Amino acid sequence: MLHNQGSGQNNEAPPNGGETTQVLGQRGRDDDNNNEGGNLYPGPSRRVAQKSDPLVGHGRHFGRTIHGFCRIFPLVKEGLLRQIDIQAGLLQLSELTDQEQHEQLIYTQLKRLAPGLDVRLVKASTEELIYVTGTLEHGVTRARTDDVKSMKGAIIEWITPRGGALIPGLCKNKKSDRGFFHYRTGELLCPPMLDWTDPR
């Protein structure tokens, strides 16, 4: 029995230390030149499934129960500054405008959702504050997206006559046939001072 000791003949792969061949469908990667941290190279850490931050869940709850449409970063930043001034005796809650009092109330409710969030915000650097508010915002957005998805099917059932059917039918995941393009949805969107049945 003959053994080829790395001569490269008979289509054998070269031994370790020789040139590596690229397998079809797989990229070779040089560990010394992988451009880790570069702008275009995401790196292997993106592929690792990471545990969701608990702040995402708190953000979802905040978006569903307290306020679904607010900018978290300005709310937290201004609320934190007002809180520090109030605790230092430089500002009274009664001196705030109605809008500022309302925002401060929402900020206080947000802090109560997450245990330890108050202390974390007080000690946070700018980068940490951006991370915390961005994570909360992500939770609010996800909750809103999930709610809209679940409502689409329910709305179609709601506008369908009892015991009947919409003609033409509406698809839950298609928007092009909705709005004023469909008789039933157009009727619901028509301003009350106009007669939808009037072709003029």
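Under the UniProt record's numbering, the first residue of the sequence shown is numbered 1, with each subsequent residue one higher.
We put the beta carbon where it would ideally sit given N, CA and C, even for glycine.
The model shown is predicted, which means the values in this text are computed figures rather than measured ones.
6 Å Cβ shell around residue i - same chain, five flanking residues per side excluded
i      : result
Ile72  : Thr133, Leu136 and Glu137
Gly169 : none
Phe180 : Gly186
Ile130 : none
Asn33  : Per-residue confidence for Asn33 stands at a pLDDT of 47, beneath the threshold of 50, marking its modelled position as unreliable; no derived number is given.
The alpha helix (DSSP H) enclosing residue i, as first and last residue numbers
i      : result
Asp85  : Ile72 to Gln87
Asp198 : Looking at the DSSP string, Asp198 is not in any alpha helix (DSSP H), and its letter there is neither H nor E.
Glu100 : Asp98 to Leu113
Gly153 : Thr126 to Ile159
Gly63  : Pro54 to Thr65
Gly186 : Tyr183 to Leu189
Asp118 : Leu117 to Lys123
Pair within 8 Å by beta-carbon distance, residue i and residue j
i      : j      : result
Leu91  : Gln104 : no
Leu121 : Val76  : yes
Ile106 : His58  : no
Arg184 : Ile155 : no
Gly63  : Val140 : yes
Beta-carbon proximity list for residue i, same chain, < 7 Å, skipping 5 on both sides
i     : result
His61 : Leu113
8 Å contact criterion, which residue i and residue j should meet: CB distance rounded
i      : j      : result
Gln101 : Leu110 : Actually they are not in contact, since the Cβ atoms of Gln101 and Leu110 sit about 15 Å apart, beyond 8 Å.
Contacting residues, own chain, Cβ-Cβ under 8 Å from residue i (five flanking each side not counted)
i      : result
Trp196 : Gly186, Glu187 and Cys190
His182 : Leu166, Pro168 and Leu170
Lys152 : Lys172 and Asn173
Gln99  : none
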